[in-house]
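Protein chains: 2
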Amino acid sequence: MGIIVQKFGGSSVADVEKIKNVARRVVATKLAGSSVVVVVSALGDTTDELVELARQISAKPPEREMDMLLATGEQQSVALLAMAIFELGHEAISFTGYQVGIVTDDSHTKARIVDVKSERIMQALASGKICIVAGFQGVTVDNDITTLGRGGSDTTAVALAAGLNADKCEIYTDVEGVFTADPRIVPEASLVPEITYEEMLEMASSGAKVLQLRSVEYARNHNVVMQVRSSFTDSEGTVVKEEDEGMERPIISGVTHNTSEGKITIYGVPDRPGIAAKVFKPLAAANINVDMIVQNVSYKGYTDISFTLDLDDIPRALSIIEDLVREFGAQGHDLDKDIAKISIVGAGMKSHPGVAAEMFDVLAENSINIQMISTSPIRISCVIDEVNIATAVRALHEHFQLSEEAVTDEAL
Amino acid sequence: MGIIVQKFGGSSVADVEKIKNVARRVVATKLAGSSVVVVVSALGDTTDELVELARQISAKPPEREMDMLLATGEQQSVALLAMAIFELGHEAISFTGYQVGIVTDDSHTKARIVDVKSERIMQALASGKICIVAGFQGVTVDNDITTLGRGGSDTTAVALAAGLNADKCEIYTDVEGVFTADPRIVPEASLVPEITYEEMLEMASSGAKVLQLRSVEYARNHNVVMQVRSSFTDSEGTVVKEEDEGMERPIISGVTHNTSEGKITIYGVPDRPGIAAKVFKPLAAANINVDMIVQNVSYKGYTDISFTLDLDDIPRALSIIEDLVREFGAQGHDLDKDIAKISIVGAGMKSHPGVAAEMFDVLAENSINIQMISTSPIRISCVIDEVNIATAVRALHEHFQLSEEAVTDEAL
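These protein sequence lines are chains A and B, in that order. First residue of the first sequence? That's 1 in our numbering, and the numbers climb one at a time after it. First residue of the second sequence? That's 1 in our numbering, and the numbers climb one at a time after it.
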């Protein structure tokens, strides 16, 4: 009997009625003939509430204790979901990360899974039980409780699917799946039925929030088939899997955007070897993730360096950059919070040259200036003024014929 | 360096300010030169709220899952208290029941401790850390989470004190200690500075709610000195320990009462061997705790049997008793919810005959009728009409000169 891993996020178990709804869905999967392992997040806003409680006690609580605190949210969910399944007349058993042996390193609050022991779950499945596992948490070799960071439950689910050699890992969420663009901006955006790991990674890292980046990486590395579905409908959602050689891929799978970044520019930096390292090493040391970097062509021995980063990280980054400007004797620095990044992603791009030029054309036709460009083999991203983002997303979505009718007509 | 175990109940950690207050108290003990192990209950009403959440999902949730759910309350407390101690500049480390090796049997929701492993705590204490342990919970040999039942945190504290060979186990609560009577009924009741395990057991089982019976039994069996103190004052509270041969004990240590029981009487039961067993076996099988039992002198081959029990258990007991009445062909049965039990407890009673007679006299002088009597070597209990309980407590407290002035004058 095949094993299916099903993951339900916090919004899917936000209240008692929703927990009962998840229980019915899980039991239906079991009755359809699969062994079922369920991974759940904490109920609704529980994690945020616990974080707030900790902040009232300490501005910077020790991370080991933070993990001890936060892990309780998922432990409550698994117990309640197991009860709801019992109430439907089926046998279930809940497990903490420790109990099923989700072993992590000791990077508290952002631990990485190093091993998944499957014995206890396999035993429970063999005796016909539905297994409910707390997402987001693990345990170090010293038995200290760890958490995997935001969205870590997706990674728990994929790691279990890999460890148990499951047929697939279903990620239930509050949207129908992966769309060709954000439906709030492009109402005619269409659901993407299949997508490769690479495309999904590019989409996740360029703004699509439906799946957590790390979980997709883990799935790709262990070849776990993921299926993103809605907790509230019966739609098949989006399947994320290895690129299928026989499959004709559309050139573009989707248009993504991200408005949660800002841009910092340092002007008049002496252009000598090692200068870029001197800028980005202290940022990395401060755990600030830099996204795009552009260094201008040098003019009279001086250059400008621009980079984008999360808005949240800007205050810390600025204090580092101010020191550097002084150290370098640079001309000055500038901050722009009103930028947006727009990306087109598609595995078909690899065999279709000229897609980038098409993208630039579309933006130009709409009088949208491009501030920065970055590319990968299957993605092109441009930084533009935030005020133009909706226009840009719609224009590119339209140009690449990504709406439902276009896809149905196989116009690509 | 001696070890002190300090236990704080839910009311002592009901909110962020109270948690900080506990942290200050714990740090003060550490600074005074002791190694400190702290046991905490769940914050305020957390346990009740979790129980309510479970009930919304299932009228009778599986007990293993109930324990999984409830254990999160204490896990949150230990993490928050550890943070508060860090915030004061001291090192602390929190532990779940599992992490410190509080091994229990598998009687979920009312598990009994079978072993306490002390290695991890001893290591942490040796490195100068304050250890914070989740009360109320343990783990089976199969790594399933268990809880110890209501008030189980007291037992956790005593078990740790025994396992760590601590100097003493301080139980912090919202009252000053053990009193000679309930101060809400007898305002001049005085604090009992010292009391033997036996007396404390009798007082706890006859109505004093300050300590949980099981924890006192565990302390007696392992000779752990307990000290009951207030979280909110510096009073020394009450020390509970082995009877000290050299110590002059007062005849009576306290007057206790209990109004949470009712009385069931079965009339006209055929008086033949085994009849009592037939009544009380099915009650025991239904997990109903019977307190006092009185069987009348037989008259013409028939007798009456009365017993007292918790008001909560009455509906279940009645349905059993109704069946028995039919089976025995007994005359009928009766229920009285308006009774109260009043007890006097004192180790000195053993060497002072006539105390029982004095008690009956005092009740008679106040025109209070006695319905049932039960005695132990250091306790005498009478069941009376509930309406008379305050009068009875005050009269006995006065007669045995238990008020502060009387004790100070050593009038006993």
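All C-beta atoms, glycine included, are put in the ideal place defined by N, C-alpha and C.
T303/B is positioned such that its CB atom lies closer than 7 Å to that of D271/B. Nearest CB-CB separation between A79/A and chain B: below the 7 Å threshold. Contacts with chain A at 7 Å (Cβ-Cβ) do not include T46/B. For A286/B, the CB contacts under 7 Å within the same chain, skipping 5 residues up- and downstream, are R316 and I320 in chain order.
I3/A and S34/A do touch by the CB rule: their CB atoms are close to 7 Å apart, below 8 Å. For the options L53/B, P282/B and H222/B, the alpha carbon positioned closest to that of D45/B is the one of L53/B. Three or more Cβ pairs closer than 8 Å define a contact, and the stretch 343-353 of chain B meets that threshold against the stretch 192-205 of chain B. A Cβ-Cβ distance of about 6 Å is found for the pair N258/B and S206/B, placing them in contact under the 8 Å criterion. Burial state of E65/A is buried, judged by a 10 Å Cβ sphere holding 16 or more other Cβ atoms. Setting aside the 5 residues that flank it on each side, V239/B is surrounded in the same chain by E194 and Q227, each with a C-beta closer than 6 Å to its C-beta; the list follows chain order.
From the listed residues T233/B, A181/B and S235/B, the smallest Cα separation to K209/B is found for A181/B. Look at V16/A: its C-beta is under 7 Å from a C-beta on chain B. The three-state reading of DSSP puts Q295/A in strand, counting E and B together. Identification of residues in the stretch 49-65 of chain B having a C-beta nearer than 8 Å to some C-beta of chain A yields L50, L53, A54, Q56, I57, S58, P61, P62, R64 and E65, given in sequence order.
From the beta-carbon of Q75/B, the residues of chain A found nearer than 7 Å are M68 and T72.
Proximity of the stretch 66-84 of chain A to the stretch 141-161 of chain A meets the contact definition, three or more beta-carbon pairs being nearer than 8 Å. Annotation: S235/B to I171/B spans about 13 Å, alpha carbon to alpha carbon.
For Q137/A, no CB of chain B lies under 7 Å from its own CB, so it is not counted at the interface with that chain. Exclusion of the five residues before and after A276/A leaves I293, Q295 and I305 as the residues of its chain whose Cβ lies within less than 8 Å of its Cβ. Among the CB atoms of chain A, none fall inside 7 Å of the CB of S118/B.
Taking C-beta atoms as the reference points, A82/A and A71/A fail to come closer than 7 Å. Per DSSP, the beta-bridge partners of K168/B are I4/B. Residue state for R379/B is assigned as strand, using DSSP reduced to three classes.
Scanning chain A for C-beta atoms nearer than 8 Å to the C-beta of A82/B yields P62, E65 and M68, reported in chain order. Annotation: E87/A to S58/B spans about 6 Å, alpha carbon to alpha carbon. A residue is called buried once 16 or more other Cβ atoms fall within 10 Å of its Cβ, and Y218/A is buried on that count. Between S12/A and S215/A, the C-beta gap is not smaller than 7 Å, which leaves the two residues out of contact. Contact with chain B is found for Q99/A, since one of that chain's Cβ atoms lies less than 7 Å from the residue's Cβ. The three-state secondary structure of S374/A, taken from DSSP, is strand. Residues of chain B with a Cβ closer than 8 Å to the Cβ of F86/A are, in chain order, S58, P61, P62 and E65.
Residues of chain A with a Cβ closer than 9 Å to the Cβ of K241/B do not exist; the shortest Cβ-Cβ separation is about 34 Å. According to the DSSP assignment, F280/B belongs to the alpha helix (DSSP H) that extends over I275 to A285. Counting only Cβ-Cβ distances below 7 Å, I19/B has contacts in chain A at I57, in chain order. Interface criterion met: the Cβ of S94/B is under 7 Å from a Cβ in chain A.
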